[in-house]
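**Q**
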Amino acid sequence: PDGDEYDKDIALGIRYAVDNGAKIINTSFGKYYSKHPDWVNDAIKYAADNDVLIVNAAGNEGLDLDENRVYPNDEWPGQIDEIADNFINVGALTSEYGSNMIASFSNYGQGSVDVFAPGAGIYATVPNNEYEYLSGTSMASPNVAGVAAVIRSLFPKLTAPQVKNVILNSGLSPNAEVILSGDSNKVKPFAEISETGNMVNLYNAIILASQMSK
Numbered sequence: 002p003d004g005d006e007y008d009k010d011i012a013l014g015i016r017y018a019v020d021n022g023a024k025i026i027n028t029s030f031g032k033y034y035s036k037h038p039d040w041v042n043d044a045i046k047y048a049a050d051n052d053v054l055i056v057n058a059a060g061n062e063g064l065d066l067d068e069n070r071v072y073p074n075d076e077w078p079g080q081i082d083e084i085a086d087n088f089i090n091v092g093a094l095t096s097e098y099g100s101n102m103i104a105s106f107s108n109y110g111q112g113s114v115d116v117f118a119p120g121a122g123i124y125a126t127v128p129n130n131e132y133e134y135l136s137g138t139s140m141a142s143p144n145v146a147g148v149a150a151v152i153r154s155l156f157p158k159l160t161a162p163q164v165k166n167v168i169l170n171s172g173l174s175p176n177a178e179v180i181l182s183g184d185s186n187k188v189k190p191f192a193e194i195s196e197t198g199n200m201v202n203l204y205n206a207i208i209l210a211s212q213m214s215k
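Oh and the sequence shown: position 82 is 83 in this note's numbering, straight run, nothing missing.
Here is the structure:
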C-alpha cells in the first residue's frame, strides 16, 4: 500500500530474502509511525547475523532525522548505538554541484543518514515496458545497493559490515554549503548533514575494497 507498509510484511520480507540467499537488500520505503518496530529491528539483526547488507532510503519529507524518527532505520533520535552493523541509510543528491546538491525532498541528519547518492531525475524502468525520470531517496538507495553489488561480486570475501565500511569511507567529500528542504534560509555544510559527509563513489569504493581484501 502507498504510505503504510505493514511491519509484519517488512520483517517477513527481509527474512525471506535472507533465507533465499540474498546478500544485499534494498529497502526503498519508509514511514513515521510503526506499531511493531521490534519485529523489523529483529529482522534487520537477523540479516546482520547472516551477513546480509541492507541499503535503505532515508525518506522524502525534507526532515532532519536527528530530530524525527523514521522507520525502518538502525538508529533514531536519542539513541547512541546502532542496532546492527549492516544497515546504510541513504539521502538523495541532485545533478547539480554546489548549494543545490541536496534534493529538496531528501531527509538528512548528521547522526542518522550515512551517505548521499544521486536520487533526482533518474532514468528508470516503469510498468508496460517503459522508462521515466523519477526522483526520491528510493532512487538514491538502489544506486548505493548497486555499488554494494559490484563490491560483493568483485570481492566476495568481504563481509556485509566491511562492504558498508567501504561504501561509507570511500566517498567524495564536497566542501560546500547546501540548501536543505528547498529552503534557502536553511543552509548547512555538506559535511554536517550525514555521518560521513560523503557522496558515494563506485571508483573509490573498488579501490578501497581491493585494499581491504588483500
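Ideal placement from N, C-alpha and C gives every residue a C-beta, glycine not left out.
Where residue 184 and residue 176 are concerned, what is the direct C-alpha to C-alpha distance, given to the nearest angstrom?
**A** Walking along the sequence shown from the start, residue 184 turns up at place 183. Walking along the sequence shown from the start, residue 176 turns up at place 175. So the alpha carbons of these two residues sit roughly 20 Å apart.
**Q** Would you grab the beta carbon distance between residue 145 and residue 19 for me? Rounded to a whole angstrom, and I think it's under 8 Å.
**A** Locating residue 145 in the sequence shown gives position 144, counting from the first residue. Locating residue 19 in the sequence shown gives position 18, counting from the first residue. The Cβ separation is near 19 Å, so there is no contact.
**Q** What residues in its chain sit with their C-beta under 8 Å from that of residue 101, if we drop five residues either side in the sequence?
**A** Along the sequence shown, read from residue 1 onward, the residue named residue 101 stands at position 100. Result list for residue 101: 95, 179, 180, in chain order.
**Q** Is the number of C-beta pairs between the stretch 71–82 and the stretch 132–148 that are closer than 8 Å three or more?
**A** No, the stretch 71–82 does not touch the stretch 132–148.
**Q** How would you label residue 17, buried or exposed, when you count the other beta carbons within 10 angstroms and need 16 or more for buried?
**A** If you number the sequence shown from 1, residue 17 lands on position 16. That one is exposed.
**Q** Would you list, in sequence order, the uninterrupted beta strand (DSSP E) runs of no fewer than 3 residues that lie entirely inside the stretch 56–109?
**A** Runs found: 88–94.
**Q** Determine, using beta carbons only, whether residue 115 and residue 62 come nearer to each other than 7 Å.
**A** Residue 115 sits at position 114 when you count from the first residue of the sequence shown. Residue 62 sits at position 61 when you count from the first residue of the sequence shown. No, the pair does not count as a contact, with Cβ atoms beyond the cut-off.
**Q** Would you grab the beta carbon distance between residue 192 and residue 198 for me? Rounded to a whole angstrom, and I think it's under 8 Å.
**A** In the sequence shown, the residue the question calls residue 192 occupies position 191. In the sequence shown, the residue the question calls residue 198 occupies position 197. About 4 Å; that satisfies the 8 Å criterion.
**Q** When DSSP labels each residue in this structure, what does residue 140 get in the three-state scheme?
**A** Counting from one through the sequence shown, the residue named residue 140 turns up at place 139. Residue state, collapsed to three classes: helix.
**Q** Mark residue 109 as exposed unless 16 or more other C-beta atoms lie within 10 angstroms of its C-beta, in which case mark it buried.
**A** For this step, residue 109 is matched to residue 108 along the sequence shown. Residue 109 comes out buried.
**Q** Could you compute how far the alpha carbon of residue 137 sits from the alpha carbon of residue 158?
**A** Here the question's residue 137 lines up with position 136 in the sequence shown. Here the question's residue 158 lines up with position 157 in the sequence shown. Cα to Cα, residue 137 sits roughly 32 Å from residue 158.
**Q** Find out if the Cβ-Cβ distance for the pair residue 134, residue 122 is shorter than 7 Å.
**A** Taking the first residue of the sequence shown as position 1, residue 134 is located at position 133. Taking the first residue of the sequence shown as position 1, residue 122 is located at position 121. For residue 134 and residue 122, yes; Cβs fall inside 7 Å.
**Q** Taking C-beta to C-beta, are residue 53 and residue 12 nearer than 7 Å?
**A** In the sequence shown, the residue the question calls residue 53 occupies position 52. In the sequence shown, the residue the question calls residue 12 occupies position 11. Cβ atoms of residue 53 and residue 12: not closer than 7 Å.
**Q** Residues in the same chain with beta-carbon distance under 8 Å from residue 214, minus the five sequence neighbours each way, listed in chain order, please.
**A** If you number the sequence shown from 1, residue 214 lands on position 213. Excluding residues within five positions, the ones whose Cβ falls inside 8 Å are 156, 158, 159.
**Q** What three-state label does DSSP hand residue 124 in the structure shown?
**A** In the sequence shown, the residue the question calls residue 124 occupies position 123. If DSSP states are grouped into helix, strand and coil, residue 124 belongs with the strands.
**Q** Going by Cα to Cα distance, which pick from 104, 36, 23 is closest to residue 48?
**A** As a working mapping, residue 48 is identified with position 47 in the sequence shown. Checked all of 104, 36, 23; the closest Cα to residue 48 is 23.
**Q** Could you give the distance in angstroms between the alpha-carbon of residue 212 and the alpha-carbon of residue 86?
**A** Looking up residue 212 in the sequence shown gives position 211. Looking up residue 86 in the sequence shown gives position 85. Their backbone Cα atoms lie some 21 Å apart in a straight line.
**Q** Distance, Cα to Cα, residue 51 vs residue 15?
**A** Translated into positions along the sequence shown, residue 51 becomes position 50. Translated into positions along the sequence shown, residue 15 becomes position 14. Near 11 Å, if we compare the C-alpha coordinates of residue 15 and residue 51.
**Q** Label residue 131 either buried or exposed according to how many other C-beta atoms from any shown protein chain fall within 10 Å of its C-beta, with 16 as the threshold for buried.
**A** The count along the sequence shown starts at 1 and reaches residue 131 at position 130. The residue in question, residue 131, is exposed, as its Cβ has fewer than 16 Cβ neighbours within 10 Å.
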